[in-house]
Amino acid sequence: MKRLLSIIIVAAMVAIPSNAQLLKNLGKSVSSNQKTESTQPEAQSGKQTSASQPATAAKTLYVSKATGKNKNDGSKEAPLKNIQKAVDMAEPGTMILVAEGNYFGNLDCGTIDIRKPVTIQGGWNSDFSERDVLKYLTMIQPSAESNATTTSSTLGTMHIEIPAKGDIPMELDGLIFDRGNTNAYNPKGEGKPEGVFSPMMQELPNTGGIGGDDEMSQSEVHCLDRYTLYFKVACPLNIRNCAFLNSRTQALMGAISEGKKATITNNIIVNSRMAGAEIWGTSTTLNAQI
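Take -1 as the starting number for the sequence shown in the working numbering and just add one per residue.
This is the structure in structure tokens:
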């Protein structure tokens, strides 16, 4: 029998604080965590210099939307442009450091597809000399136009599927996921509480609505019913210091194999239309440990 862990964080339209206030709250939480987790320098959300990058024997790749090119080798001096390109080049266990910018797939396709365990760490400045996730925002914020280009083989804005069992962890740290620009909202303006920018999201199935990133100026937005983060893994999974905003369905949805551990700590989940996090165990054994 499969076991289900379902955490209902936010299931309805709520009055959302500004991104600045939201990230300020995340920063306070990370700073508090840092006092008790000083052995994990990569989890810092204040300032972090290049000298304090996590030591690892695995390869490190660098990504910068502003200065990178996908023809580069991924070094600090010649970073790549897209997270997807770095993931494709990476070996299991690779550390991928990501500078500020908005990333949502090669050619802005709307999906980042990951099939091997890597660590993706956001919040770095353009020359990777300093890390501050509140100052150097690493966004995964697709546009409404990307809805038409997202592939049908993926289930989330970030899709992680790692079937091979192993002990190398899959890790996300310091990323800001926001599907607000891809959603369709009520075209009549209904369901708009005071202090909220948009009307309520359109009900399923999606019949289209207003939306976009320019003052709700697009009148024909047809979004996909996708998770913000989908995963199905047979390795340890660590998600920390991330924000998940404006999810069409679940913010985090996935399954993890028996004997592996999913650790989801110090994250913010706001305005998720369904569950904040829904995690399944894949074992068919009754009361199996996950």
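Ideal placement from N, C-alpha and C gives every residue a C-beta, glycine not left out. These figures come from a predicted structure and were not determined experimentally.
For R271 versus M199, is the C-beta distance shorter than 8 Å? It is a contact, given that the beta carbons lie within the stated cut-off.
A88 to L243 span [Cα, whole Å]: Computed Cα separation, rounded: 28 Å.
Report buried or exposed for K79, applying the criterion of at least 16 other Cβ atoms within 10 angstroms of its Cβ. That one is buried.
Hey, out of S141, I138, D171 and P77, whose CA is closest to L235's CA? Taking only the C-alpha atoms, the option nearest L235 is D171.
Given a threshold of 16 other Cβ atoms within 10 Å of its Cβ, counted over all protein chains shown, does E169 qualify as buried or as exposed? In summary, E169 is buried, with 16 or more beta-carbon neighbours lying within 10 Å of its beta-carbon over all protein chains present.
Among residues of its own chain, excluding the 5 on either side of K163, which ones have a beta-carbon nearer than 6 Å to its beta-carbon? If you ignore the 5 residues before and after K163, its C-beta comes within less than 6 Å of the C-beta of A232, all in its own chain and listed in chain order.
What three-state label does DSSP hand M168 in the structure shown? In the structure shown, the three-state DSSP call for M168 is strand.
Since C240 and L173 are thought to touch, with beta carbons under 8 Å apart, how far apart are those beta carbons, to the nearest angstrom? In this structure C240 touches L173 by the C-beta definition: roughly 5 Å separates them, less than 8 Å.
Beta carbon of G91 nearer than 8 Å to that of I138: No Cβ-Cβ contact shorter than 8 Å links G91 with I138.
T54 versus R246 - alpha carbon distance: Caution applies to T54, whose pLDDT of 45 falls short of 50 and renders its modelled position unreliable; the model cannot decide the point.
Residues near G72 by beta carbon distance below 7 Å, same chain, minus five either side: Same-chain partners within the cutoff: L59, Y60, L78, A84 and M87.
Taking only runs of the beta strand (DSSP E) that begin and end inside the stretch 217 to 272, which ones reach a length of at least 3 residues, in chain order? Listed in chain order, the complete beta strand (DSSP E) runs (minimum 3 residues) inside the stretch 217 to 272 are 225 to 231, 235 to 238, 241 to 243, 250 to 254, 260 to 263 and 266 to 268.
Thinking M93 and T117 are a contact (beta carbons under 8 Å), I'd like their distance in whole angstroms, please. Confirmed, Cβ separation roughly 5 Å.
As assigned by DSSP and simplified to three states, the class of D176: Looking at D176 - three-state DSSP - the assignment turns out to be strand.
Kindly list the residues whose CB is nearer than 6 Å to the CB of N31, restricted to its own chain and excluding five residues on each side of it in sequence; keep chain order. Confidence at N31 is low in this model, with a pLDDT of 46, below 50, so the placement of that residue should be treated as unreliable; the coordinate-derived value is given next. Once the five neighbours on either side are set aside, the close Cβ partners of N31 are N264.
Inter-residue spacing [alpha-carbon to alpha-carbon] between K186 and G257: Each residue's CA atom was taken as its position, placing K186 and G257 some 49 Å apart.
Given a threshold of 16 other Cβ atoms within 10 Å of its Cβ, counted over all protein chains shown, does R177 qualify as buried or as exposed? Flag for R177 reads buried.
Delimiting residues of the alpha helix (DSSP H) encompassing Q82: Q82 -> alpha helix (DSSP H) spans I81 to M87.
Which value, in whole angstroms, describes the spacing of the CA atoms of K133 and N68? CA-to-CA, the gap between K133 and N68 works out to about 25 Å.
Taking C-alpha atoms, which residue in S62, P161, D125 and Q82 lies nearest to T136? The residue from S62, P161, D125 and Q82 with its alpha-carbon nearest to that of T136 is S62.
Name the one or two DSSP bridge partners that M290 has. For residue 290 there is no data in the structure shown, the boundaries of the chain being -1 and 288.
Start-to-end residues for the beta strand (DSSP E) that takes in T155: Unbroken beta strand (DSSP E) run through T155: G154 to I160.
Please classify R224 as buried or exposed, where buried requires at least 16 other C-beta atoms within 10 Å of its C-beta. R224 is buried by the Cβ-count criterion.
With DSSP as the reference, please indicate the residues paired to T117 in a beta bridge. Note: T117 sits in a beta bridge opposite M93 and E169.
Three-state class that DSSP yields for L275 in the structure shown: Note on identity: in this sequence residue 275 is Ala, with Leu being the wrong assignment. Strand, per DSSP.
Output needed for F229: all residues of its chain with C-beta closer than 6 Å, excluding positions within five of it in sequence on either side, in chain order. Taking F229 as the centre and dropping the five residues before and after it, the same chain places the C-beta of I158 and G252 closer than 6 Å to its C-beta, in chain order.
Reducing DSSP to helix, strand and coil, say where T58 ends up. The answer is strand: DSSP assigns T58 an E or B state.
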